[in-house]
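Enquirer: Here you go, one structure.
Structure (structure tokens):
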């Protein structure tokens, strides 16, 4: 059962997938598990669906762990999933959201890379795809999306940590999400969670050009960061990816925005430079608690601003 | 598991675009040797990079010779990894 699971510890892929099965079984009235594809090394790619039933609702997408070594993101995703079932029926805002919308969470977006961080190289970032002609392994899955593919802030060299892959959506981990979200056709928000450096950002990453909804996204990011701050007084900066962090092409949230998902956000969770990707497990729950308030703010805005 | 004993994460503060460019050059000069945890983006943001123990002397000399100021963010990565692994093992025992 999930009752013995420690949310304040890091877990490997088998433990997370086992937790997923138990979690779905224990909360089958509200949670189900969907396999949206297989990774390069043929591991299942799983998504949790939170739904109160009824016809196909507008939906919210959350993914964690697209970069394998960012362990705090998977841990935050697991805590968040549990928070949703714990608070449904108690938190009126979340309850309203779930009555009208479905929430999908992909906890391990890069399962091969994540497994590799546990078995061989804790600091692995990319996926594990191999191709003829190069001895370097892996594609940066957050440079493999169709929007701005191959542009500034991505790399054509397979040995680079930001290698964009041979063509857009060449990687099964990315293609599976694209296929799923496109087939669903009614996603209204997408939140992609990374670490570290404490930022909340919106498109574009690929250029300095402001998006058409820049003012609304700026205002929403500001509100979300404020809600986050109020939990543990953790300071985030916010803005568009290209102006806040760096120019990065072929990224998830640019693809989402260009695909019609207006509320597209990317988090960089704790910290600002003590532990980086090696954030101690003692910080999982505080990180998840504050992140939840920001996610909730975005979800509430999505509910109250239909488009 | 790969061993990261003695590897450090250096935090570099670039003053201007020229210094950022020197950091970007490192990726070309030392491919697969310097792992940017926070890449060179803009002067207002720090750059964090993991440097293997075998490259530390060279990289620090490169930074110093170009007037790039840095601090040591993580002194020995393996120490943190050992603590992380121990914490996981402890938690696993408690969960069981």
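Chains as they are written, first to last, in our numbering: chain Z, 8 to 314; chain X, 1040 to 1135. Ideal placement from N, C-alpha and C gives every residue a C-beta, glycine not left out. This structure is a prediction, so every number in the text was calculated from the model and none was measured.
Once DSSP output is grouped into helix, strand and coil, what is the label at residue 215 of chain Z?
Expert: Correct three-state label for residue 215 of chain Z: coil.
Enquirer: So residue 73 of chain Z and residue 117 of chain Z are supposed to be a Cβ contact under 8 Å. How far apart are they, rounded?
Expert: 5 Å
Enquirer: Could you please give me the residues that DSSP links to residue 64 of chain Z through a beta bridge?
Expert: None, per the DSSP bridge assignment.
Enquirer: Please list the terminal residues of the continuous beta strand (DSSP E) segment that includes residue 315 of chain Z.
Expert: An answer regarding residue 315 of chain Z cannot be provided, because it is not within the stretch 8 to 314 covered by chain Z.
Enquirer: So the beta strand (DSSP E) residue 201 of chain Z belongs to, where does it begin and stop?
Expert: 194–202
Enquirer: Would you mind telling me which residues of chain X sit closer than 7 Å to residue 82 of chain Z, beta carbon to beta carbon, in chain order?
Expert: Within 7 Å Cβ-Cβ: nothing; residue 82 of chain Z doesn't reach chain X, min ~11 Å.
Enquirer: When Cβ atoms are compared, which residues of the region 248–280 of chain Z fall closer than 8 Å to chain X?
Expert: 252, 253, 280
Enquirer: Can you tell me where the beta strand (DSSP E) holding residue 44 of chain Z begins and where it ends?
Expert: 38–45
Enquirer: Would you list the residues sitting across from residue 1073 of chain X in a DSSP beta bridge?
Expert: Residue 1073 of chain X pairs with nothing; no bridge assigned.
Enquirer: Report the residue from X:1073, X:1101, X:1100, X:1088 whose alpha carbon sits nearest the alpha carbon of residue 1111 of chain X.
Expert: X:1088
Enquirer: Near residue 48 of chain Z, what residues of its chain come up, given a Cβ to Cβ distance below 6 Å and the 5 sequence neighbours on each side ignored?
Expert: 119, 135
Enquirer: Measuring CA to CA, which of Z:192, Z:137, Z:229, Z:169 is closest to residue 266 of chain Z?
Expert: The shortest C-alpha separation from residue 266 of chain Z is found at Z:192.
Enquirer: In angstroms, rounded to a whole number, what distance separates the CA positions of residue 60 of chain Z and residue 24 of chain Z?
Expert: Rounded to the nearest whole angstrom, the CA to CA distance from residue 60 of chain Z to residue 24 of chain Z is 24 Å.
Enquirer: Can you list, in chain order, the stretches of the alpha helix (DSSP H) that have 4 or more residues and sit fully within the region 95–169 of chain Z?
Expert: You should have 99–107, 118–126.
Enquirer: Consider the Cβ of residue 1077 of chain X: report whether some Cβ of chain Z lies at a distance smaller than 8 Å.
Expert: yes
Enquirer: Please report the distance separating the alpha-carbon of residue 104 of chain Z from that of residue 1093 of chain X.
Expert: 53 Å
Enquirer: Just tell me which of Z:205, Z:82, Z:93 has its CA closest to the CA of residue 287 of chain Z.
Expert: Taking only the C-alpha atoms, the option nearest residue 287 of chain Z is Z:82.
Enquirer: Determine, using beta carbons only, whether residue 1060 of chain X comes closer than 8 Å to chain Z.
Expert: no
Enquirer: For residue 156 of chain Z, which residues from the same chain have a beta carbon less than 6 Å from its beta carbon, with the 5 sequence-adjacent residues on both sides left out?
Expert: 175, 257
Enquirer: Could you tell me whether any Cβ in chain Z is nearer than 8 Å to the Cβ of residue 1132 of chain X?
Expert: With respect to chain Z, the C-beta atom of residue 1132 of chain X has no partner C-beta closer than 8 Å.
Enquirer: By Cβ distance, which residues of its chain are closer than 7 Å to residue 1053 of chain X, with the 5 residues on each side in sequence left out?
Expert: 1059, 1062, 1079, 1082, 1086, 1107
Enquirer: Where residue 226 of chain Z and residue 308 of chain Z are concerned, what is the direct C-alpha to C-alpha distance, given to the nearest angstrom?
Expert: 11 Å
Enquirer: At 9 Å on the CB atoms, spell out the chain X contacts of residue 17 of chain Z, in chain order.
Expert: 1123, 1126, 1127, 1130
Enquirer: I'd like the ranges of any beta strand (DSSP E) spanning at least 3 consecutive residues and lying wholly in the region 255–284 of chain Z.
Expert: 270–276
Enquirer: Can the beta-carbon of residue 98 of chain Z be found closer than 8 Å to that of residue 66 of chain Z?
Expert: no
Enquirer: Roughly how many angstroms lie between the CA atoms of residue 115 of chain Z and residue 1103 of chain X, to the nearest whole one?
Expert: 40 Å
Enquirer: Look at the alpha carbon of residue 238 of chain Z and the alpha carbon of residue 282 of chain Z, and state the distance between them as a whole number of angstroms.
Expert: Straight-line Cα distance between these residues: approximately 21 Å.
Enquirer: By Cβ distance, which residues of its chain are closer than 8 Å to residue 15 of chain Z, with the 5 residues on each side in sequence left out?
Expert: 288, 289, 291, 292
Enquirer: In angstroms, rounded to a whole number, what distance separates the CA positions of residue 213 of chain Z and residue 123 of chain Z?
Expert: 29 Å
Enquirer: Could you spell out where the alpha helix (DSSP H) holding residue 233 of chain Z opens and where it closes?
Expert: Segment 221–239, the alpha helix (DSSP H) holding residue 233 of chain Z.
Enquirer: With DSSP as the reference, label residue 1046 of chain X as helix, strand or coil.
Expert: coil
Enquirer: Rounding to the nearest angstrom, what Cα-Cα distance links residue 295 of chain Z and residue 87 of chain Z in this structure?
Expert: 7 Å
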